[in-house]
Amino acid sequence: MGNEHSQNSHGHHNQEHRDKKQRLHQSNQSLVNAFNALSNGTASVGLEQLKPRIGSQLALSLWPCLQDDDQKISLEQFLERADRLLQLTSDDVVRLLKLPLCLVEACLESVGLSIQTEEERDFVNSLVEHMESYGKTADSLIDWKNSNCARMCQSVVERTHSLFSSVQFKQSSKIHSGILNDIQILSGLQASEEDWVLLYSSARDGLSTTRFESKAFNYRGPSVLILCQTSKEIYAVAADEEWRHSSKAFGGPYSMLYKLFPKFDRTQAQAPAICCNFKSRSSPLGYGSAERNAKVPLPGKWAEEKAILEMAGYTFSSERRD
């Protein structure tokens, strides 16, 4: 029995060795393919050939993993050093890029975006300011990422892996908004592992509480409501429960309020913290409705004014003037 056990152990060890060798061969073949794609058939790869594939900001940060200086590297050097980039994690990305602005720009480049307008620049500056409020070390930036936008670096990781392996980079589905710009939308998409579904849009469906109710209230799951005030301030209400009419607050511990513009901020109140009331007469209708309902008749000689208007042909259904 002892010999049989020894033979089984030896056979198992050989199988593990063969599997490891096969994985190494597959990994090396992927790296060889990546090198050939980057080098365009030449014998070396340089930083300038890496930039168009993953973006300038990310390429500048990843290149030191491949080469100590700006000299090109051969296939042998590439095979020795590029394998570590296949193990890249989102935390590694933060540590490599170091600065909040560089991190944001690399994330934008990884999905083909860049800062184009003054509004986008203001949003990014506000976002960077909020990131720095956690501190300026790599660990503090990682804490910010995990607390506010856990998948912020996911597109960077996936694009890097796709460059050095046979895995195809899958671009997230785009959502167009009449309120948010592309960078603000991206910050929302990176908060979820699943694609977003547009339930209601005032630009598409019209500004109507009835339409909002018919399209959003039947969705049984977490959702995000984007609001733009006349002052141009933009807010996002993240609800971890379905929307409903209620005279009482609802929402779980993951519900929160984000201010997206002009300053990025996050508010998390003690649950339940959301209240939605379009219909219930048993609870207050809110500041706006209370203000509209609190109209007081203005002073004046209404009878004389009414008589003059009636002579001009006007008729009235009520003699009370608001």
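If you read the sequence shown in full-length UniProt numbering, its first letter stands for residue 1, the second for the next number, and so on.
From the three backbone atoms N, C-alpha and C, an ideal C-beta is built for every residue, glycine too.
May I ask you to report which of helix, strand or coil DSSP gives Lys-69?
Per the sequence shown, residue 69 should be read as Asp rather than Lys. Three-state result, Asp-69: coil.
By the DSSP assignment, the beta strand (DSSP E) with Phe-261 in it spans what residues?
256 to 261
With DSSP run on the structure shown, which of helix, strand or coil describes Leu-103?
helix
Rounding to the nearest angstrom, what Cα-Cα distance links Gln-29 and Glu-76 in this structure?
12 Å
Roughly how many whole angstroms lie between the Cα atoms of Asn-146 and Phe-35?
33 Å
Is the segment 120 to 135 touching the segment 259 to 268 in the sense that three or more CB pairs, one from each, lie closer than 8 Å?
yes
According to DSSP, what are the bridge partners of Arg-266?
Tyr-258
Could you give the DSSP three-state label for Leu-198: helix, strand or coil?
coil
Inter-residue Cα distance where the pair is Leu-103 and Val-94
7 Å
Using CA coordinates, which residue listed in Ser-74, Ser-61, Leu-58 is at the minimum distance from Gly-46?
Ser-74
Could you say which of Ile-274, Asp-139, Ile-179, Phe-164 lies nearest to Thr-230 if we only look at CA atoms?
Ile-179
Range of the contiguous alpha helix (DSSP H) that encloses Ser-90
90 to 97
Are the segment 241 to 249 and the segment 266 to 278 in contact at 8 Å, needing three or more beta carbon pairs?
yes
Give the straight-line distance between the Cα atoms of residue 331 and Val-111, rounded to the nearest whole angstrom.
As displayed, the chain neither begins before 1 nor continues past 322, which places residue 331 out of reach and without an answer.
Is it buried or exposed, Glu-48, if we count other Cβ atoms within 10 angstroms and call 16 or more buried?
exposed
Indicate the three-state DSSP secondary structure (helix, strand or coil) for Phe-212 in the structure shown.
helix
Kindly give me the distance between the Cβ atoms of Leu-260 and Tyr-235, rounded to whole angstroms, as I take these residues to be in contact under 8 Å.
7 Å
For Leu-47, which three-state DSSP category applies?
helix
For Glu-132, which residues from the same chain have a beta carbon less than 7 Å from its beta carbon, with the 5 sequence-adjacent residues on both sides left out?
Pro-100
Between Gln-22 and Ala-82, what straight-line distance do the alpha-carbon atoms span, to the nearest angstrom?
The predicted model places Gln-22 with a pLDDT of 48, which falls under 50 and marks its position as unreliable, so this point remains unresolved.
Cβ-based burial, Ala-269 [other Cβ within 10 Å; buried from 16]
exposed
Terminal residues of the continuous beta strand (DSSP E) containing Leu-75?
No beta strand (DSSP E) contains Leu-75, which is instead part of the alpha helix (DSSP H) from 75 to 81.
Helix, strand or coil at Val-124 according to DSSP, with G and I counted as helix
helix
Of the residues Asn-33, Phe-278, Leu-86, Ile-115, the one placed nearest Arg-159, counting alpha carbons only:
Leu-86
With burial defined as no fewer than 16 other Cβ atoms inside 10 Å of the residue's Cβ, what is the status of residue 356: buried or exposed?
Absent from the model: residue 356. The displayed extent of the chain is 1 to 322, so no value can be given.
Mapping the DSSP letters down to three states, classify Val-224 as helix, strand or coil.
strand
Please state if the CB of Cys-153 and the CB of Ser-90 are separated by a distance shorter than 7 Å.
yes
What does DSSP give as the partner residues of residue 323 in its beta bridges?
The question about residue 323 has no answer here: the residues shown for the chain are numbered 1 through 322.
Best match in Arg-84, Phe-250, Leu-227 for proximity to Val-157 [C-alpha to C-alpha]
Arg-84
In the structure shown, what three-state DSSP assignment does Lys-248 receive?
coil
Quick test of your reading: Ser-223 and Leu-207, contact by CB under 8 Å. State the CB separation rounded to the nearest angstrom.
Their Cβ separation, rounded to whole angstroms, is 18 Å, which puts Ser-223 and Leu-207 out of contact at 8 Å.
Under DSSP, the alpha helix (DSSP H) around Ala-138 begins and ends at which residues?
138 to 148
Straight-line gap, Gln-116 to Glu-233 (C-alpha atoms, nearest Å):
20 Å
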